[in-house]
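From first to last, the protein sequence lines are chains D and F. Position 33, counted from 1, in the first sequence is what this note's numbering calls 47; the numbers after and before it change by one each time, with no gaps. Position 84, counted from 1, in the second sequence is what this note's numbering calls 91; the numbers after and before it change by one each time, with no gaps. The C-beta atom is built at its ideal place from N, Cα and C for all residues, glycine as well.
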Amino acid sequence: MQNEFEKQVKQKMEELDFVPSTPVWQKIEEQIRHKKDRRRIIFWLPLLLLLTGGGITWFALNENKSGKMAVETQTIEPAQSSLPKTSTNETTGSIPGTTRNIPVENTPVAEINGQSGETTPMPSSPNSSIVANENIQAERVQKNQFKKNGGSRSRESSRGLGNKKEEHIIAFNQGNTSKPGQSISRETVVNENEVNRKLEPVKSLQEDTAARIIETVNNPQDFVEKKTGPVDVENNDAVDSVLTGTVTPIAKNFGKSKWKLGLVVKAGVSGTVEGLDINTTKSMEFQNAPNNAPPPPPALYRRSYGPSEMKNMVSFGAGFLARKQLNKRLAFVTGLHYQYMAASTRVGYKRPSLATGNTSNFQDAYSALAVVDYTNRFHFISLPLAMDFQLLKRKPLNIQFGVAYQQMVATNAVYFDYASQLYIKDKDQFSSGQIFTDLGLNYSFPVKKFPVSIGPYVQYSLTALDENSKKQYLYSLGLKTTILFQKK
Amino acid sequence: MDYQALVKDCLKGKPAAQKQLYDHFAGPMLSVCYRYTKSMADAEDVLQEGFVKVFFNLHQFKFQGELGGWIRRIMVTTAINFLKRNLRYSIELMFTDDHLHVVSNESNPEIKMEAKELADLIRQLPPGYQTIFNLYAIEGFNHVEIGKIFGIKESTSRSQYARARALLIQWMDKKNLDVKKSAYAK
């Protein structure tokens, strides 16, 4: 029974009434709107990730369904009025996989006189045949218009009029002769041992008894091209196919591609967020007293002392990965990682150890007064399963999406026990096996032996961290670097 | 005021209803927060945090009690958490288990001052005394409950409250005396 003094104090305090300032309501309103939006996003994020990942996977697998073994060839016919031109430092996006039908002159060898632009027929070499354009002849060189396809060569430099700088070289195939008027497929002419991709300038053809003209495969500007389609110049296999004189499919049979191993390292921040249960707050559970009832019994207030907010801390991970290319743009990635996550909370001072549950194990306990920071550390072994999809055709920008099973191997985390109003360190209170969604972007740098990919990532747990309240979910975001081991 | 309709509209997310609920209870709740803190700014922070929790937990209110009482309980617990989170308060909430000199609780002086004056006197108490006094004398907690909230013994809570009460009465007497003196002086 309260004393009279306490009754008077209570009555007086009920008379007290203040008016809050205007910004208070504005801030309340902002927080209400913001929290609802954030919870909406968190609710839909895992679903969105799965849908996006599923959609991309389906799209990628169906993309090359009919054209897995597609072969691309191109036919290029030389222009009447063009000369084979020298290549300077241009890489013009040549057309590997192309075949060139080049009319062959009567004379097997031609040379260009750098001074006058005249050509002097050279005696044919029994071991060589010349694939040359009829426009090599000086008179035609003088008259003809050079087609410039973005090139920087001038007409004069091509002619060599008054200019000894460059002379044209056309590849020839030893042992292959051609009959006049016969179009020779470029691929049969080119000998991979003879072809030099870079231009070899010849000072003076007059000094050389046999004119050697090598046409680079990288200089199609001399010819009118009948393109049948774009060619991926980065696809070295297709380029090689030109050199070898055979046309090979650009798209490989990826079903037989091998696994590539590599290392992955990531660093960022981690923390916890409230889960999908929008009915909970971090610390409060309230029950209503019946009408005209006496003050609420103690049990209701026992839970009014809740855990402190969790703050983000550093997160990092490292491990091995294995990658298998499924098709041109889609790869499957898995591996085994070590993942460290942490989140900080404020606890009180250390209390005498408590026996937890039905065991006689004594655990560290801390009072609920929020006076010191406590770092909750989580150590996981992670098994990721992800798909890596190349977003752009010509740029190695990939999106990676998937899931990861993470087994907690150690933790020092504390949980808040409402009954005792203490923070207790007990590993058994936390979900040891957790499923995380994984989403990331990465850009690959084609380093020769060790291709490197780097980009941001975000992980979000679908499993509640604590088994009791089911309110907190771990997340991690940061930067991830992958290094693949390429075979020599 | 029809609280049921008001709560239903608030749950539907109607801004006007939410504002109306706030306007109706903000004044008294600010008084509650004022008693637990040392400044009006802190009191408004607690009020703001408390009302955010009110709106997010409004669906839990089943009209089995008074809406005002329910909101008040939220404010009290929010205030307690606020004190624990803020270092300038939490340091002084470190109650010791030392046995304090027992002070008699028999005196029941008449309170002649205004409500705000009394509230200011309560706020002048050290934070530990202030909080325990508020919880026991005004909110109706018993010492067992207070002990569990702060992780202290019931006896510690009891002695802390006794000290707070005695100090408050002492100040009130002094204030009354000052008032009388000034009245005589006039």
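| Query | Result |
| --- | --- |
| On the three-state DSSP scale, how would you describe Thr477(D)? | coil |
| Does DSSP put Ser434(D) in a helix, in a strand, or in coil? | coil |
| I need the DSSP call for Tyr380(D), collapsed to helix, strand or coil. | strand |
| Below 8 Å on C-beta distance, what does Ser38(F) contact in chain D? | Met27, Leu30, Asp31 and Phe32 |
| Hey, His142(F) and Met179(F): beta-carbon distance below 8 Å or not? | Checking the sequence shown, residue 142(F) turns out to be Leu, not His. Their beta carbons are not under 8 Å apart, which means Leu142(F) does not touch Met179(F) by this criterion. |
| Does DSSP put Glu323(D) in a helix, in a strand, or in coil? | coil |
| Under three-state DSSP, which class holds Glu221(D)? | Reliability fails at Glu221(D), whose pLDDT of 46 lies under 50, so the model's placement of it is uncertain and the value that follows must be treated cautiously. Helix at Glu221(D). |
| State yes or no: is the beta carbon of Gln55(F) nearer than 8 Å to at least one beta carbon in chain D? | yes |
| Can you tell me whether Tyr363(D) is buried or exposed, with buried defined as 16 or more other CB within 10 angstroms of its CB? | exposed |
| Would the region 17-34 of chain F and the region 84-95 of chain F be scored as touching if the rule is three or more Cβ pairs under 8 Å? | no |
| Cα separation between Lys60(F) and Gln25(F)? | 13 Å |
| Residues in its own chain within less than 7 Å of Ile497(D) by CB, not counting five upstream and five downstream? | Gly276, Leu277, Phe464 and Val466 |
| Select from Ala379(D), Leu453(D) and Pro34(D) the residue whose C-alpha is nearest the C-alpha of Lys441(D). | Ala379(D) |
| Would you mind giving the Cβ-Cβ distance between Val347(D) and Arg337(D), rounded to the nearest angstrom? I have them listed as a contact below 8 Å. | 5 Å |
| Considering Cα atoms alone, identify which of Asn326(D), Asp31(D) and Leu399(D) is closest to Phe334(D). | Leu399(D) |
| What's the call for Asp9(F), buried or exposed, on a 16-neighbour Cβ count within 10 Å? | exposed |
| In three-state DSSP terms, what is Leu453(D)? | strand |
| Quick test of the definition: if touching needs 3 or more C-beta pairs under 8 Å, does the region 26-43 of chain D touch the region 49-56 of chain F? | yes |
| Could you check what DSSP says for Glu152(F) in three-state terms: helix, strand or coil? | helix |
| Please classify Ser166(F): is it buried, with 16 or more other beta-carbons within 10 angstroms of its beta-carbon, or exposed? | buried |
| At which residues does the beta strand (DSSP E) containing Val278(D) begin and terminate? | Trp273 to Glu288 |
| Thinking Ser381(D) and Leu436(D) are a contact (beta carbons under 8 Å), I'd like their distance in whole angstroms, please. | 6 Å |
| Ends of the alpha helix (DSSP H) at Thr138(F)? | Pro134 to Phe140 |
| Note down, in chain order, every chain F residue with its Cβ under 9 Å from the Cβ of Gly362(D). | Lys91, Ser97, Met101 and Gly158 |
| Counting only C-beta atoms, is Tyr10(F) closer than 8 Å to chain D at any point? | no |
| For Asp452(D), count neighbouring Cβ atoms within 10 angstroms of its own Cβ and tell me buried if that reaches 16, exposed if not. | buried |
| Would a check of beta-carbon distances place Leu125(F) closer than 8 Å to chain D? | yes |
| Restricting to Cα atoms, I'd like to know which of Glu117(F), Leu174(F) and Tyr41(F) is closest to Leu132(F). | Leu174(F) |
| Among the candidates Leu74(F), Thr84(F), Gly20(F) and Asn64(F), whose CA atom is the shortest distance from the CA of Glu152(F)? | Thr84(F) |
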